[in-house]
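Peer 1: Sharing a structure here in structure tokens format.
Number of protein chains: 2
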Amino acid sequence: MEELTKFAPRPNGAGEMFQLLRDGRPRTRSDLAAATGQARSTIAARIDALMAAGLVVPAGEASSTGGRPPATFAFNPDAKVVLAVDLGATHAHLAVTDLASRVLVETDQLLPIAEGPDVVLSWVKTAGDKLLASAERELSDLAGVGVGLPGPVEHSTGRPINPPIMPAWDDVDVPGILRSHFKAPVLVDNDVNIMALGEHRAAWQDVNDLFFLKVATGIGAGIIADGALRRGAQGAAGDVGHIAVPGAAAVQCRCGNVGCLEAVASGQAIAATLAEQGLEARSSADVVTLVRSGELAASTAVRQAGRDIGAVLAACVSMLNPSIVAIGGIVAEAGEHLIAGIREVVYQRSLPLATQHLRIVTSQTRGEAGVLGASAMAVDHVLSPEAIDAFVA
Amino acid sequence: MEELTKFAPRPNGAGEMFQLLRDGRPRTRSDLAAATGQARSTIAARIDALMAAGLVVPAGEASSTGGRPPATFAFNPDAKVVLAVDLGATHAHLAVTDLASRVLVETDQLLPIAEGPDVVLSWVKTAGDKLLASAERELSDLAGVGVGLPGPVEHSTGRPINPPIMPAWDDVDVPGILRSHFKAPVLVDNDVNIMALGEHRAAWQDVNDLFFLKVATGIGAGIIADGALRRGAQGAAGDVGHIAVPGAAAVQCRCGNVGCLEAVASGQAIAATLAEQGLEARSSADVVTLVRSGELAASTAVRQAGRDIGAVLAACVSMLNPSIVAIGGIVAEAGEHLIAGIREVVYQRSLPLATQHLRIVTSQTRGEAGVLGASAMAVDHVLSPEAIDAFVA
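Protein chains in written order, with the working numbering: chain A, 10 to 402; chain B, 10 to 402.
Set out below in structure tokens:
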């Protein structure tokens, strides 16, 4: 199974065939031959190799119109596990999942990213080992590690680039550090990208175009277009927090510009507004608490933040024409006020063609989006057609 | 060759192998076997079938390290031709191209789209026949037709949907009407999408993320992300003309909203501003003429339009992180004033990570972008892996 990470330049059809099985449905050798155009003898050999590795298991017999019913085969998501790591500004969320990204065990810990890579990654190693043990799996069962970080990440190298809220992490070789401990491939991406991926895979697999917006201490987005995450040229796509809000006050932003979405409508900005009104609000979590306690000023501020977000989202909707806009992040937990404000402005400001089939919803995966996406990113890598081809070769 | 349009459900490797040859480089049978992982005997049979169809031709011998030098084969873009149709608000531009989208003959005609589908499509049929004749090709040589229309198009059916400047075209079966005359598959898309595709293929093939902005009577965009055109859920992606310009005056737009980019910065809007100042300006073309004649008020107005466009483009750049922004459309012909205004605001308003490697340039394909893209769209369809598989099957 170590060879799963050694890529061959030469496709042999095994990976292509295996992708069909990843939906979990059992299939016969004939089904697979018909769907791939590969010879039945080739299919039989590939099935044998994947069964030997435990990635494919017998799944009973198909119904037959006469004669001996043919055997069926299915993907075995228990063959290996993946460690999913979602590092936020203040919290770390870890999970061990199977190869279908189902969470087996998980843990959540207050851990400010600003503690720096030494402290945070040491904790990830220790907590990861403990989680594997509590899932009763060995280190050798670990097929890969997926990590989300709260800042821009160069996807090809997995290194953070000039991350504003985590300066000590700039250009740190996160994949190398974790790989030397976990002995498995490590994939790293921006936290909002993995949340978008998690939300898409877990809740909207049939949707091709999804826009995921995280509203928390900061504001960011992840873009699914034609079924896949789009990261842009430097991995910075979805960085909507510093787009100017049309019509907003010229509030100073930490980026140096004025009137940025994040300066006007983030959880931090809402907390500041409420604090000016004499309320006890220092963080996004305080804002959610105030709204839930029925504090009118808090609901009003969250609704106005929704409108400001809506003004920028209207542009995103015109530009990308998604069919789902999913709102996640802790501020989305403050009930319907945020989404009501968002809907108000998006439906008013966007063209009818872009909104007639548009749904704006609260994230279905909520706090799990990050670990689900980190798992999916790692699984996609270790079970990619190229990886399976190399493994079977 | 008619079978090129009949898709088989069952891949046989011929299409996959053929895609490698589309770059024009000659390859040996062994090259193709190594690159695809298919058996050498399979490759040989596929090459024979594609040679019989004229799509592949012998391309001499490869150099050899000893023994008989192996034969090489190459894609033959002359095997068939494609009709590329770029229909704008006021002009029609037609070209016959080869299968590498090289223009063989072309024609340009003043033809308002508002004349309606009967008049316009009849002209396309007549002009298309004449162009084929002047290229000395038969109707049976025509592999496909690509069409760009100046309004929203449902890509799957090729029908315009509620097109604002061409109401008589709503839900017209453009592909059906042209197919019955040209006896070949017809692909239809929005004009800005095909311009983006044409610019990408002809000038920036190595760039994965390109944003194409057309500034003419209206304003629209086409999005290339991860190497392919992204159309969104209803084909409306890139519809940036009705995004609110941050900080702009509340100018009434024909869409019903105020302060839309198109109402503030399109060629039409610039012409209106200049007409108010007593200048002779009724159209985008008049604006370009005035700028070229050295009229200061016109240069100033175009530069301000550039700044307003820049304010919206900054949001597009933050959101999509392209490496190239190409500005096309007739207003881009007005020299450097437009692009200077755009650059001024984009570099001021976007995050450093998104702009450090960003280039904002004038379209390299200029007036040819539309026909080049229409041709590429048709060629991609008729030479797709599925089409070639079906043809060879």
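From the three backbone atoms N, C-alpha and C, an ideal C-beta is built for every residue, glycine too.
(1) So E395 (chain A) is in the alpha helix (DSSP H); what residue range does that whole segment cover?
(2) For E223 (chain B), which beta-bridge partners are listed by DSSP?
(3) Does the distance from the CB of H190 (chain A) to the CB of K134 (chain A) come in under 8 Å?
(4) Quick one: give me the first and last residue of the alpha helix (DSSP H) that D198 (chain A) is part of.
(5) What is the DSSP secondary structure of I252 (chain A), counted as helix, strand or coil?
(6) Counting only the same chain and skipping the five closest in sequence on each side, list residues whose C-beta sits under 6 Å from that of A58 (chain B).
(7) Report the neighbours of C325 (chain A) on chain B: residues whose CB is nearer than 7 Å to its CB, in chain order.
(8) Just the C-alpha distance for D295 (chain B) and G97 (chain B), rounded to the nearest angstrom, thanks.
(9) Is there a C-beta anywhere in chain B that falls below 8 Å from the one on E12 (chain A)?
(10) Hey, could you find the ends of the beta strand (DSSP E) G153 (chain A) is sitting in?
(11) For the beta strand (DSSP E) that A93 (chain A) lies in, which residues bound it at each end?
(12) When you compare the CB of I336 (chain A) with every CB in chain B, is at least one pair closer than 8 Å?
(13) Just to confirm, are V105 (chain A) and V94 (chain A) a CB contact at a threshold of 8 Å?
(14) Taking the alpha helix (DSSP H) that R368 (chain A) belongs to, which residues open and close that run?
(15) For G22 (chain B), would you say it is in contact with chain E, using Cβ-to-Cβ distances shorter than 8 Å as the test?
(16) Of all Cβ atoms in chain A, is any one closer than 8 Å to the Cβ of N266 (chain B)?
(17) What is the DSSP secondary structure of D138 (chain B), reduced to helix, strand or coil?
(18) Is the segment 232–241 of chain A touching the segment 251–267 of chain A, taking contact as three or more C-beta pairs under 8 Å?
(19) Please classify E271 (chain A): is it buried, with 16 or more other beta-carbons within 10 angstroms of its beta-carbon, or exposed?
(20) May I ask you to list, following chain order, the residues of the segment 229–255 of chain A that have a beta carbon less than 8 Å from some beta carbon of chain B?
(21) Give me the residue from A:S359, A:G350, A:T309, A:G157 with the minimum Cα distance to E377 (chain A).
(22) Is the Cβ-Cβ distance between G33 (chain B) and F84 (chain B) less than 8 Å?
(23) Give me the Cβ distance between R55 (chain B) and M26 (chain B), rounded to the nearest whole Å; I'm assuming they're in contact under 8 Å.
(24) Can you name, in chain order, every residue of its own chain whose Cβ lies under 6 Å from the Cβ of G382 (chain B), other than the five neighbours on each side?
(25) With DSSP collapsed to three states, give me the class of T51 (chain A).
(26) Note down, in chain order, all residues in the segment 169–190 of chain A with a beta-carbon under 9 Å from any beta-carbon belonging to chain B.
(27) E345 (chain A): which of A:D389, A:G315, A:T364 sits nearest, CA to CA?
(28) Does DSSP classify V260 (chain A) as helix, strand or coil?
(29) Can you find the residues in the same chain that come closer than 8 Å, C-beta to C-beta, to E353 (chain A), ignoring five residues on each side of it along the sequence?
(30) Can you give me, in chain order, the residues of the segment 359–383 of chain A that have a beta carbon less than 7 Å from any beta carbon in chain B?
(31) Let's test the definition: count the other Cβ atoms within 10 Å of the Cβ of E11 (chain B) and tell me whether it reaches 16, buried, or not, exposed.
(32) In angstroms with no decimal places, state the Cα-to-Cα distance between L329 (chain A) and G76 (chain A).
(33) Can you pull out the residues from the segment 43–61 of chain A whose beta carbon lies closer than 7 Å to at least one beta carbon of chain B?
(34) Determine, using beta carbons only, whether K15 (chain B) comes closer than 8 Å to chain A.
(35) If we count Cβ pairs, one from each stretch, closer than 8 Å, do we get three or more for the segment 223–237 of chain A versus the segment 295–313 of chain A?
(36) Nearest to L367 (chain B) by alpha carbon, out of B:S327, B:V380, B:A396, B:A246?
Peer 2: Quick answer:
(1) Here residue 395 (chain A) is taken as the residue at index 386 of the first sequence, counted from 1. DSSP places E395 (chain A) in the uninterrupted alpha helix (DSSP H) bounded by 394–401.
(2) On the second sequence, residue 223 (chain B) is found 214 positions in, with the first residue counted as 1. As written in the sequence, residue 223 (chain B) is Lys, which differs from the Glu given in the question. BP columns for K223 (chain B) point to B:G229, B:G337.
(3) For the purposes of this step, residue 190 (chain A) is identified with residue 181 of the first sequence, where counting begins at 1. For the purposes of this step, residue 134 (chain A) is identified with residue 125 of the first sequence, where counting begins at 1. When the beta-carbon positions are compared, H190 (chain A) and K134 (chain A) come within less than 8 Å of each other.
(4) Counting from 1 along the first sequence, the entry for residue 198 (chain A) is found at position 189. Counting along the chain, D198 (chain A) falls outside any alpha helix (DSSP H), though it belongs to the beta strand (DSSP E) covering 195–199.
(5) As a working mapping, residue 252 (chain A) is identified with position 243 in the first sequence. Assignment of I252 (chain A) by DSSP, reduced to helix, strand and coil, places it in the coil class.
(6) Against the second sequence, residue 58 (chain B) aligns to sequence position 49. Here the set comprises V401.
(7) Taking the first sequence and counting its residues from 1, one reaches residue 325 (chain A) at position 316. Against C325 (chain A), the close residues of chain B are M328, in the order they occur along the chain (beta-carbon pairs closer than 7 Å).
(8) Translated into positions along the second sequence, residue 295 (chain B) becomes position 286. Translated into positions along the second sequence, residue 97 (chain B) becomes position 88. Taking the Cα positions, D295 (chain B) is about 17 Å away from G97 (chain B).
(9) Walking along the first sequence from the start, residue 12 (chain A) turns up at place 3. With a pLDDT of 40 at E12 (chain A), under the threshold of 50, the modelled position of this residue cannot be trusted; read the value that follows with caution. No, its Cβ sits nowhere closer than 8 Å to a Cβ of chain B.
(10) Numbered from its first residue, the first sequence carries residue 153 (chain A) at position 144. That run of the beta strand (DSSP E) goes 151–158.
(11) Locating residue 93 (chain A) in the first sequence gives position 84, counting from the first residue. Secondary structure note for A93 (chain A): its beta strand (DSSP E) is the uninterrupted segment 90–96.
(12) Looking up residue 336 (chain A) in the first sequence gives position 327. I336 (chain A) does not count as touching chain B.
(13) The residue given as residue 105 (chain A) occupies position 96 in the first sequence. The residue given as residue 94 (chain A) occupies position 85 in the first sequence. V94 (chain A) sits away from V105 (chain A), with the two beta carbons spaced by 8 Å or more.
(14) Walking along the first sequence from the start, residue 368 (chain A) turns up at place 359. Not the alpha helix (DSSP H): R368 (chain A) falls in the beta strand (DSSP E), residues 368–371.
(15) Among the protein chains of the structure shown, namely A and B, there is no chain E.
(16) For the purposes of this step, residue 266 (chain B) is identified with residue 257 of the second sequence, where counting begins at 1. Yes, N266 (chain B) counts as interfacial toward chain A.
(17) As a position in the second sequence, residue 138 (chain B) is number 129, starting the count at 1. Helix at D138 (chain B).
(18) Under the three-pair Cβ rule at 8 Å, the segment 232–241 of chain A does not count as touching the segment 251–267 of chain A.
(19) Locating residue 271 (chain A) in the first sequence gives position 262, where the first residue counts as 1. With 16 or more other Cβ atoms within 10 Å, it is buried.
(20) Going along the segment 229–255 of chain A in chain order, one finds A230, I232, A234, D235, A237, R239, R240, G241, A242, Q243, G244, A245, A246, G247, D248, V249, H251, I252, A253, V254, P255 with a Cβ nearer than 8 Å to chain B.
(21) Mapped onto the first sequence, residue 377 (chain A) falls at position 368. E377 (chain A) has its Cα closest to that of A:G157, out of A:S359, A:G350, A:T309, A:G157.
(22) In the second sequence, the residue the question calls residue 33 (chain B) occupies position 24. In the second sequence, the residue the question calls residue 84 (chain B) occupies position 75. Yes, the pair counts as a contact, with Cβ atoms nearer than the cut-off.
(23) On the second sequence, residue 55 (chain B) is found 46 positions in, with the first residue counted as 1. On the second sequence, residue 26 (chain B) is found 17 positions in, with the first residue counted as 1. At roughly 6 Å, the Cβ-Cβ gap stays under 8 Å, so R55 (chain B) and M26 (chain B) are in contact.
(24) Reading the second sequence from its first residue, position 373 is the one you call residue 382 (chain B). The residues are I203, M204, L206, G207.
(25) Residue numbering aside, residue 51 (chain A) sits at position 42 when the first sequence is read from its first letter. It is helical.
(26) Those residues of the segment 169–190 of chain A placed with their C-beta closer than 9 Å to a C-beta in chain B are I170, N171, ordered along the chain.
(27) As a first step, residue 345 (chain A) is located in the first sequence; it is residue number 336 there, counting from the start. The residue with the shortest Cα to Cα distance from E345 (chain A) is A:G315.
(28) Sequence index remark: in the first sequence, residue 260 (chain A) carries index 251 (1-based). Here V260 (chain A) sits in coil by DSSP.
(29) On the first sequence, position 344 is the one that residue 353 (chain A) refers to. Excluding sequence neighbours, E353 (chain A) sits near G315, R316, G319.
(30) The residues in question are L360, L362, A363, H366.
(31) What you label residue 11 (chain B) is simply residue 2 of the second sequence in a count that begins at 1. Residue placement at E11 (chain B) is flagged as unreliable, the pLDDT there being 39, under the threshold of 50; the coordinate-derived value follows with that caveat. It counts as exposed.
(32) Position 320 of the first sequence, counted from the start, is the residue given in the question as residue 329 (chain A). Position 67 of the first sequence, counted from the start, is the residue given in the question as residue 76 (chain A). Roughly 53 Å separates the two Cα atoms.
(33) Only A43, T45, G46 from the segment 43–61 of chain A bring a Cβ to less than 7 Å from some Cβ of chain B.
(34) Position 6 of the second sequence, counting from 1, holds the residue named residue 15 (chain B). With a pLDDT of 44 at K15 (chain B), under the threshold of 50, the modelled position of that residue is not reliable, and the figure given next carries that caveat. Output row for K15 (chain B): interface = no.
(35) With fewer than three CB-CB distances shorter than 8 Å, the segment 223–237 of chain A does not count as touching the segment 295–313 of chain A.
(36) One-based indexing of the second sequence puts residue 367 (chain B) at position 358. It is B:S327.
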